[in-house]
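Comments concern the structure below.
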Amino acid sequence: MAGRGFGGEAGLLAGHDLDRPARVEHSDAAVRHAELHVEDDAARHEARRRGPEVDHGSGAGDPPVPGDRNPGRGARRRRGGARRDRRRVRVQRRLGKEDDGHAEARERPDAARGHARLGQRGTGLSGVEHGRRLRGDSVTGRAVLAAALCSSAAGAQIYDILIKNGHVLDPANKRNGRADVAIVRNRIVRVAPDLPAAHARRLIEAGGYYVTPGLIDIHTHVDAHGAPLNVNPDHNALRAGVTTVVDAGSSGADNFEKFRREIIDESKTRVLAFVNIVAAGMYGPAVENDPKQMDAAKAAAIARKHKDVVVGIKTAHYRPADWTAVDNAVKAAEESGGVCMVDFHPQPGREYPELILKRMRPGDIHTHVYGRLIPILDKDNKLQPYMAEARRRGVLFDVGHGSGSFWFRIAAPAVRQGFLPDTISTDLHRNSIMLPRANLIVTMSKFLNIGMTLEQVVERATVNPARAIRRPELGTLSEGAPADVAVIQLERGRFAYLDSGRGKLTGDTRLRCAVTVRDGKVVWDEDGLAAADWLSTGPYSNFR
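The sequence shown begins at 79 in the numbering used here and counts up by one.
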């Protein structure tokens, strides 16, 4: 299953090679045709934009809204290798014109390259611009988006999945309101209010729910056939709305390729990785504290070889009071063009301020920032001045909850003083799944209950981690982006949360993932939002 990572998103029908020159030329022509013939008509949609307010806390989904139909017209067959639906679908003679927000999607998604760093929020690229600049699989994104635009121009567009009437929360594009999300194959092709339900092969009625980009967890341990703490990504990520996980250094140069064959290439979840500076990976203190295992050139070489799935270098669990592990990890990250993630325990002679003010580079990530050994607060629970200074330098701060690295007595005062994490992650492994329940949707809920807003929490689990690992095509609902989506419910009530010391926080809100769409496929549907009532499904068999 090679190519399941960034280099080529899975999900296209077999036998249709979008990399062939003829098909590339056709997709380019399709984009040009769509640009010429799809008009803007925002005025026609102004009334429809003013839909009823959604009750985001009730938990009760609104009934499906039927789309307008014209019985005199049959559905056009889709072209360019898309599968033919044998059902007859009656559609409108012509879709409504594009609204002004969709004009962005007509530009070529690979018109330019580059990405914004987290530290450049004010002047960096917008999320829409990031969505256009798809990496690696730009031909795929271009072809799917071109086909969608052309079918809209021709008068009939059929969506494989339509998520309707949800409250779209997409910080990358500054979207925060009711809208529908349309998917064709494995791409998002339209985000706008009041898309016709009659044009959907599969309808997800999301009234009363939030619709976000698929969540990104940049600190996990999912090398399930490797180190003993690791877990299977598909069993733990998808049900929490997580469509992309980053393994944080479970494997090193000596065993990364085995990890790729057995886990990365075989998972439904998109799995990326930090390569451990220790060649043997996370296999205990004997190797993790051995400087002879820390060959920067060797780690950089494996990272460059697998740059489609490797995002950087990781160092962790090094106990001697010197900078060998950190310096070698930073060097390997520099040589391979990636970021460095640091798990750090201060020692006399190896102090925390020196790490974040001198040793780490702008864009490098310190994880476990709310751990009890990290001196981000002084004796009066005031934020240390060097934390703000390090943030100005561009160092990023990640949660990395885990079983021992998240404490309310540190996180809550820091958040109250305005020191929010740049990214929210779990450090998911065998010991953190059950207690203190450190999957991503629960970890996000903890931050909701210590003072962060829903928008801030979603931002730190979508667009921020995407930018931190330099994958701007992820964490967004931009037209042309991979079809990774989470449908989330915000529940009100009385809920208990635990930290790493088993301290309890009682809160009044909780996030729960109802539906996960990964690569254009529904892979989790706890509330049955994507399912038909069993009485209307007709005969079926449990046997294949």
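Beta carbons: idealized from backbone N, C-alpha and C, even for Gly.
Computed from a predicted model, the values in this text were never measured in an experiment.
Given a cut-off of 9 angstroms on the beta-carbon distance, is the pair K242 and A284 in contact? yes
What residues in its chain sit with their C-beta under 7 angstroms from that of A257, if we drop five residues either side in the sequence? V246, V269, A270 and P271
Alpha carbon to alpha carbon, how far is D248 from P291? Give it in angstroms, no decimals. 6 angstroms
I'd like the list of long-range same chain contacts for N333, defined as Cβ closer than 6 angstroms, with 5 residues on each side in sequence excluded. G359
Any chance you could list the beta strand (DSSP E) runs of at least 3 consecutive residues sitting entirely within the segment 264-336, in chain order? 265-270, 281-283, 288-291, 293-298 and 320-330
Could you check what DSSP says for W485 in three-state terms: helix, strand or coil? coil
Are the beta-carbon atoms belonging to I266 and A559 less than 9 angstroms from one another? yes
Using a Cβ-Cβ cutoff of less than 6 angstroms, which residues in the same chain neighbour H395 once the five nearest sequence positions on both sides are dropped? E366
Can you tell me whether N509 is helix, strand or coil according to DSSP? coil
Find the nearest neighbour of C418 within the set M530, V477 and G441, judged by alpha-carbon distance. G441
M522 lies in the alpha helix (DSSP H); which residues open and close that run? L518 to L526
Helix or strand or just coil, what does DSSP make of K376? helix
Quick one, are the C-beta atoms of D312 and L350 less than 9 angstroms apart? no
Does the Cβ-Cβ distance between F525 and V493 come in under 9 angstroms? yes
Grab me the residues of T584's own chain with a C-beta within less than 6 angstroms of its C-beta, minus the 5 sequence neighbours each way, in chain order. A574
N-terminal and C-terminal residue of the beta strand (DSSP E) that R590 is part of: K582 to R596
Just grab the DSSP bridge partners of R382 for me. Bridge partners of R382: none, in fact.
Three Cβ pairs or more, each shorter than 8 angstroms: is that satisfied between the segment 403-419 and the segment 382-392? yes
Just list the residues that DSSP pairs Y575 with in beta bridges. L583
When you compare the CB positions of N527 and G480, do they come within less than 9 angstroms of one another, or not? no
Given 8 angstroms as the limit, is there contact between the segment 546-561 and the segment 509-524, that is, 3 or more CB pairs closer than that? no
Could you check how far apart the C-beta atoms of V477 and V447 are, in whole angstroms? I think they sit under 8 angstroms. 7 angstroms
Compute the distance between the beta-carbons of W602 and L281, then report whether it is under 9 angstroms. no
Which value, in whole angstroms, describes the spacing of the CA atoms of G415 and A375? 12 angstroms
Within 10 angstroms of the Cβ of D562, are there 16 or more other Cβ atoms? Answer buried if so, exposed if not. buried
Within the segment 333-362, ranges of the beta strand (DSSP E) (whole runs, at least 3 residues): 348-354
According to DSSP, F475 sits in a beta bridge with which residue or residues? H444
Status (buried if at least 16 other CB within 10 Å, exposed otherwise) for A539: buried
Taking C-beta to C-beta, are E335 and H384 nearer than 9 angstroms? yes
For S503 and I355, believed in contact at Cβ under 8 angstroms, the rounded distance: Not quite, the Cβ-Cβ distance comes to about 19 angstroms (not below 8 angstroms), so this is no contact.
Looking at the structure shown, is D405 part of a helix, part of a strand, or coil, going by DSSP? helix
Spatially closest choice to H423 from R450, I443 and E412, by CA coordinates: R450
Distance CB(E604)-CB(V595) smaller than 9 angstroms: no
From which residue to which residue does the alpha helix (DSSP H) around R545 run? V541 to A546
Below 8 angstroms on the Cβ atoms is my guess for G427 versus A399; work out the distance and round it to an integer in Å. 4 angstroms
Secondary structure of P560, DSSP reduced to three states: strand
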